[in-house]
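To start, the structure under review is shown below, and the notes come after it.
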């Protein structure tokens with residue numbers, strides 16, 4: 003009765019070469035060159051072939067656990083921590099917290115597999131094909147800054163629902179400023195923009211949606227001469243353009259950043275027990291620095307002209 007043997011392409015190639023040696027069609031030296039092995043290794047393969055036939059060339063490690071495999075105790079300890087503290091974390095963020103806070107190091111894909119097998123993580127199904135053509139990034143840092151407000155339960159059940167004003171660079175995807183506020187209003191946008199300009203200088207333009215802060219929705223509430231909102235007039239005095247996108251997809255950079263913030267920032271504040279707007283604004287610079295290290299990209303033109311310093315005498319507030 004013949005025995006079925008499963009072999010890899012590499013093992014099949016070795017079998018072919020070994021058989022040629024036994025048929026006197028190849029020398030050991032030639033076989034060693036073909037297989038990129040030493041002559042002693044070829045002799046060992048010949049001995050295994052003579053003893054067990056083709057089965058002697060099959061790797062003995064097949065169907066056995068890897069020598070680098072983590073123990074069941076280690077796996078269970080990591081999963082217990084995730085169930086206890088990071089149940090709604092994705093594998094990437096959960097891995098970061100295991101390393102930072104618990105000194106438990108495991109690869110992202112291994113942890114993803116563990117969480118999937120344990121029913122903690124459900125893999126995302128293949129996403130629908132994009133309908134909108136993505137807009138290319140600007141070339142230079144500070145050339146275009148996308149701004150948006152995200153209403154969310156940032157403090158979960160520890161505090162009220164509030165807005166996060168987000169400023170993100172179009173060329174690099176780096177967060178440049180975050181400000182928590184009670185709502186998305188002109189006063190807080192002016193405060194946030196002033197802080198942004200003091201730190202980074204003037205961009206060529208801000209890219210926003212058509213929220214009433216940025217675009218006139220009622221002529222009686224705007225400057226009848228220019229048709230600008232109060233925020234728009236402040237930018238006009240600073241010679242900064244305001245571009246209003248027609249669809250959310252057009253300002254996809256900041257929209258995707260909001261989704262990441264609603265995942266990562268919420269959980270980071272939970273771990274720190276942050277439950278007020280003031281405490282959240284104090285923590286924001288630390289989060290921004292870490293976010294940019296992880297997700298920031300190099301601009302296509304790193305030697306582009308930097309933003310110019312803003313003249314704060316233009317009195318944003």
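Residue numbers (our numbering): 3 to 319.
Built from N, CA and C at the ideal position, the CB exists for glycine as well.
Using the Cα positions of residue 231 and residue 105, report the straight-line distance between them to the nearest angstrom. In the chain shown, residue 231 corresponds to position 229, counting from 1. In the chain shown, residue 105 corresponds to position 103, counting from 1. Roughly 52 Å separates the two Cα atoms.
Considering Cα atoms alone, identify which of 262, 175, 180, 285 is closest to residue 140. Your numbering for residue 140 matches position 138 in the chain shown. Per the Cα distances, 175.
Determine whether the beta carbon atoms of residue 81 and residue 116 lie at a separation below 8 Å. Taking the first residue of the chain shown as 1, we reach residue 81 at position 79. Taking the first residue of the chain shown as 1, we reach residue 116 at position 114. The answer is yes: Cβ separation under 8 Å.
Using 8 Å for Cβ pairs, my map puts residue 22 next to residue 28. What's the rounded Cβ distance? If you number the chain shown from 1, residue 22 lands on position 20. If you number the chain shown from 1, residue 28 lands on position 26. Sure, about 4 Å apart at Cβ, within 8 Å.
So residue 263 packs on residue 124, CB below 8 Å; how close in whole Å? Translated into positions along the chain shown, residue 263 becomes position 261. Translated into positions along the chain shown, residue 124 becomes position 122. Residue 263 to residue 124, Cβ: 22 Å. No contact.
Exposed or buried, what is residue 269 when buried is set at 16 or more other beta-carbons lying within 10 Å of its beta-carbon? Sequence index remark: in the chain shown, residue 269 carries index 267 (1-based). With 16 or more other Cβ atoms within 10 Å, it is buried.
So, helix, strand or coil for residue 193, using DSSP? Taking the chain shown and counting its residues from 1, the one referred to as residue 193 is at position 191. Of the three classes helix, strand and coil, the one that applies to residue 193 here is helix, per DSSP.
Output yes or no for whether 8 Å exceeds the beta carbon distance between residue 240 and residue 204. In the chain shown, counting from the first residue as 1, residue 240 sits at position 238. In the chain shown, counting from the first residue as 1, residue 204 sits at position 202. Yes, they are a contact pair.
Rounded to the nearest angstrom, what separates residue 287 and residue 180 at their Cα positions? Taking the first residue of the chain shown as position 1, residue 287 is located at position 285. Taking the first residue of the chain shown as position 1, residue 180 is located at position 178. So the two alpha carbons sit approximately 8 Å from each other.
According to DSSP, is residue 181 helix, strand or coil? One-based indexing of the chain shown puts residue 181 at position 179. Looking at residue 181 - three-state DSSP - the assignment turns out to be strand.
At the level of alpha carbons, what is the spacing between residue 186 and residue 152? In the chain shown, the residue the question calls residue 186 occupies position 184. In the chain shown, the residue the question calls residue 152 occupies position 150. Distance between the alpha carbons of residue 186 and residue 152: 8 Å.
To which residues does DSSP link residue 243 through a beta bridge? As a first step, residue 243 is located in the chain shown; it is residue number 241 there, counting from the start. DSSP, once it has assigned bridges, lists 207 as partnering residue 243.
If you follow the beta strand (DSSP E) that residue 166 is part of, which residue opens it and which one closes it? For the purposes of this step, residue 166 is taken as the residue at position 164 of the chain shown. Counting along the chain, the beta strand (DSSP E) containing residue 166 begins and ends at 164-171.
Beta-carbon contacts of residue 113 that lie in its chain and below 6 Å, excluding the five residues immediately before and after: Here the question's residue 113 lines up with position 111 in the chain shown. Cβ within range, chain order: 93, 97.
Beta-carbon proximity of residue 157 to residue 277, cut-off 8 Å: As a position in the chain shown, residue 157 is number 155, starting the count at 1. As a position in the chain shown, residue 277 is number 275, starting the count at 1. Contact flag set, yes.
Please identify the residue among 166, 144, 294 whose C-alpha is closest to the C-alpha of residue 193. Within the chain shown, residue 193 is the residue found at index 191, counting from 1. The shortest C-alpha separation from residue 193 is found at 166.
If the criterion is Cβ atoms closer than 8 Å, does the pair residue 320 and residue 216 meet it? Given that the chain is displayed from residue 3 to residue 319, the structure contains no residue 320 and the question cannot be resolved.
Beta-carbon contacts of residue 272 that lie in its chain and below 7 Å, excluding the five residues immediately before and after: In the chain shown, residue 272 corresponds to position 270, counting from 1. Result list for residue 272: 158, in chain order.
Leaving aside the five residues before and after residue 9 along the sequence, list all residues of the same chain whose C-beta is less than 8 Å from its C-beta, in chain order. Here residue 9 is taken as the residue at index 7 of the chain shown, counted from 1. Contacts found: 17, 56, 59, 60.
Can you look up residue 149 in the DSSP assignment and give me helix, strand or coil? As a position in the chain shown, residue 149 is number 147, starting the count at 1. Strand.
Strictly by DSSP, which residues pair up with residue 154? Here residue 154 refers to the residue found at position 152 when the chain shown is read from its first residue. 164, per the DSSP bridge assignment.
For residue 248, does the count of other Cβ atoms within 10 angstroms reach 16, so buried, or fall short, so exposed? On the chain shown, residue 248 is found 246 positions in, with the first residue counted as 1. It counts as exposed.
Residue 254, enclosing alpha helix (DSSP H) - first and last residue: Here the question's residue 254 lines up with position 252 in the chain shown. Segment 254-274, the alpha helix (DSSP H) holding residue 254.
7 Å Cβ shell around residue 171 - same chain, five flanking residues per side excluded: The residue you call residue 171 lines up with position 169 of the chain shown. Excluding sequence neighbours, residue 171 sits near 143, 144, 147, 178.
Contact check, residue 279 vs residue 182 under 8 Å by CB: the rounded distance? Reading the chain shown from its first residue, position 277 is the one you call residue 279. Reading the chain shown from its first residue, position 180 is the one you call residue 182. With a Cβ gap of about 4 Å, residue 279 and residue 182 count as contacting.
Sorted by chain position, which residues of the same chain lie with C-beta nearer than 8 Å to residue 79's C-beta, five sequence neighbours on each side aside? In the chain shown, residue 79 corresponds to position 77, counting from 1. Closer than 8 Å at Cβ, skipping near neighbours: 106.
Check each candidate in 260, 218, 37 and name the one with the smallest Cα separation from residue 246. What you label residue 246 is simply residue 244 of the chain shown in a count that begins at 1. The candidate whose alpha carbon is nearest that of residue 246 is 218.
Where does the unbroken alpha helix (DSSP H) through residue 230 begin, and where does it stop? Numbered from 1 along the chain shown, position 228 holds the residue referred to as residue 230. Taken as a continuous stretch (DSSP letters only), residue 230 belongs to no alpha helix (DSSP H), as it is neither H nor E.
Where do the N-terminal and C-terminal ends of the alpha helix (DSSP H) with residue 19 fall, by residue? The sequence position of residue 19 within the chain shown is 17, counting from 1. Taken as a continuous stretch (DSSP letters only), the alpha helix (DSSP H) holding residue 19 covers 11-24.
Got a sec, what are the start and stop residues for the alpha helix (DSSP H) residue 108 sits in? If you number the chain shown from 1, residue 108 lands on position 106. That residue, residue 108, is in no alpha helix (DSSP H); it is neither H nor E in DSSP.
When we look at the beta-carbon of residue 260 and count the other beta-carbons within 10 Å, is it buried (16 or more) or exposed? One-based indexing of the chain shown puts residue 260 at position 258. It is buried - the Cβ of residue 260 has at least 16 other Cβ atoms within 10 Å.
Residue 45, enclosing alpha helix (DSSP H) - first and last residue: Here residue 45 refers to the residue found at position 43 when the chain shown is read from its first residue. Where residue 45 is concerned, the enclosing alpha helix (DSSP H) stretches over 41-54.
In this structure, does DSSP put residue 282 in helix, strand or coil? The residue given as residue 282 occupies position 280 in the chain shown. Residue 282: helix per DSSP, three-state reduction.
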